[in-house]
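Residue numbers (mature numbering (1 follows the signal peptide of the UniProt record, and there is no 0)): -25 to -1, 1 to 142.
Notes for the one structure printed next.
Rendered as structure tokens:
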């Protein structure tokens, strides 16, 4: 039985505002990230982290979850740009989870939306009792993890891009 669930994230669009309006010389990192996929289970819930997801700085990533076959879970990431693209790329950490999985050994895969790029996969054992019917629990997108300021110098990210702009 194939199930599909969809949720939208809230995006950090600060780079778009700063690059487009206030700081045209500001450049976020263009360095690609190393994708890493981690998965673990708590009760009937499978939690997944996609560390180092490489997207446009202004992306709102939409995540869908499907269970294409028994004991397999696919998370599909789609990059959307509701405010238009920025002139920068960033590494993000994406956390997602689904619940209501029956006990067993699962293969968890994270794909792009067309399933042409497999970002990674992990194996996880669900031991908990089935508490509810299956569903997509949610999704969280971090801010840009590797900002750089004018001239490519690394800046203190405590204050983020606004502080970098004034330095």
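Yeah, the Cβ is synthetic: ideal placement off N, Cα and C, and Gly gets one too.
- For residue 46, the secondary structure class from DSSP, reduced to helix, strand or coil, is coil.
- Taking a 10 Å sphere around the C-beta of residue 93, we find fewer than 16 other C-beta atoms and assign the residue as exposed.
- The alpha carbon of residue 99 has as its nearest neighbour, out of 71, 39 and 83, the alpha carbon of 83.
- For residue 89, no beta strand (DSSP E) encloses it, and the DSSP letter there is neither H nor E.
- Contact check for residue 95 against residue 10 passes: the beta carbons are separated by less than 8 Å.
- A straight line joining the alpha-carbon of residue 40 with that of residue 19 spans about 15 Å.
- Taking residue 52 as the centre and dropping the five residues before and after it, the same chain places the C-beta of 25, 28, 36, 37, 38, 69, 85, 86, 87, 88 and 94 closer than 8 Å to its C-beta, in chain order.
- Secondary structure at residue 9: coil, using DSSP grouped into helix, strand and coil.
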